[in-house]
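J.: Residues 1057 to 1334 in the working numbering are what the sequence shown spells out, letter by letter. Glycine is no exception: its CB is placed at the ideal position from the N, C-alpha and C atoms.
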Amino acid sequence: MKENKDKIKDKIKNKDKAILDDNKLIKEGFITVIAGPCAIESWEQIDLIAGIVKDFGLNFIRGGAYKPRTSPYSFQGLEHKGLEYLSKIGKKYGLKTVTEVTDAETVEEVAKFVDVLQIGTRNMSNFALLKKVGKVAHETGKSVILKRGWASTIKEWLLAVEYITSAGGTEVVLCERGIRTFEPYTRFTLDLSAVPVIKKLSKLPIIIDPSHAVGQSDLVIPMSRAAIAVGADGLIVEIHNEPEKALCDGQQALDTHQTKEMLEQVEYMAKFFGKKIR
Ligand code: PEP
Ligand code: MN
1057 MKENKDKIKD KIKNKDKAIL DDNKLIKEGF ITVIAGPCAI ESWEQIDLIA
1107 GIVKDFGLNF IRGGAYKPRT SPYSFQGLEH KGLEYLSKIG KKYGLKTVTE
1157 VTDAETVEEV AKFVDVLQIG TRNMSNFALL KKVGKVAHET GKSVILKRGW
1207 ASTIKEWLLA VEYITSAGGT EVVLCERGIR TFEPYTRFTL DLSAVPVIKK
1257 LSKLPIIIDP SHAVGQSDLV IPMSRAAIAV GADGLIVEIH NEPEKALCDG
1307 QQALDTHQTK EMLEQVEYMA KFFGKKIR
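1. For A1121, verify whether its CB is less than 8 Å away from any heavy atom of the ligand MN.
2. In terms of residues, what are the limits of the beta strand (DSSP E) holding R1118?
3. Does the beta carbon of K1203 fall short of 8 Å from some heavy atom of the ligand PEP?
4. For the pair the region 1172-1181 and the region 1202-1211, tell me if three or more CB-CB distances fall below 8 Å.
5. Could you check whether V1154 and Q1132 sit closer than 9 Å to each other, using their CB atoms as the reference points?
6. Could you tell me the alpha carbon to alpha carbon distance between I1068 and N1079, rounded to whole angstroms?
7. Using only CA atoms, which one of T1162, E1084 and I1082 lies nearest to A1121?
8. Output the distance between the C-alpha atoms of T1126 and A1095, rounded to the nearest integer angstrom.
9. In the structure shown, what three-state DSSP assignment does K1341 receive?
10. Residues in the same chain with beta-carbon distance under 6 Å from K1110, minus the five sequence neighbours each way, listed in chain order, please.
11. Going by C-alpha to C-alpha distance, which of E1156, F1086 and D1077 sits closest to Y1324?
12. By a C-beta neighbour count over all protein chains shown, 10 Å radius and 16 as the cutoff for buried, is L1257 buried or exposed?
13. Give me the DSSP bridge partner(s) of A1091.
14. Within the chosen definition, does the region 1186-1201 reach the region 1216-1228 through at least 3 CB pairs nearer than 8 Å?
15. I need the boundaries of the beta strand (DSSP E) containing E1156, first residue and last residue.
See the structure below:
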């Protein structure tokens, strides 16, 4: 009788753990693929793309509301309205939401609307932002994606993590998104060696952003495949229902057909490690 009770207790515990794992970005035995547009442009756009993400069986959608653009004349994002749309979309489709937080003043506001806080490459060394994100993530249980600064070393990147975690425990996932080299053909140079190096130096999960690294949609698929081969825990990829009309980074966004192809290839690679896509 007691044995039975213990078994039931264990079952409940494991179920809780599964629920917890599902809320986290990285889950044992799975490759997490986060997909979505560079920027949220309108309700119709994010609604259509969320439908695509859901149809492919994925669980996480990305979408920028506050966009840190290199040029002040480029589209800067829908800001607060974008957060509202993303939050509504997450509920409508049962998707977890990921968006970038660009300054310390808006961290609390962003955390009210999304599940995962992303820190972009331009802000990896913004220590005030890192500390604030760490504090808010700890208080709210949100996960954090920390992108590598495009001119930062792996050591600097790992120290930046500690600014986030020193406020308390939270899930921090590193994201390699390309570094600046002398090669101008691709937007940046994807440093895939960062994956095994991070695995060697830390216990942190690491995902790859092939989109911002290569900057051209046809190159995103082979680099996604390579990311899994080298041991990445997941991907964050820009997709769009109409890339040619995108207000931001359309040239690197996968259309629906390319998204399907990318996922098929990633699934094939994941199987090699006995993993599934989520
Ligand atoms: C993004 O993911 O929307 C983005 C701006 O990426 P990065 O910070 O890597 O340039
Ligand atoms: Mn982008």
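T.: Once the coordinates are examined:
1. no
2. F1116 to R1118
3. yes
4. yes
5. no
6. Unreliable placement is indicated for I1068, whose pLDDT of 46 sits below 50; no coordinate value is reported for it.
7. T1162
8. 14 Å
9. In the structure as shown, the chain begins at 1057 and stops at 1334. Residue 1341 is therefore absent and cannot be evaluated.
10. Y1149
11. F1086
12. exposed
13. I1117 and V1293
14. yes
15. K1152 to E1156
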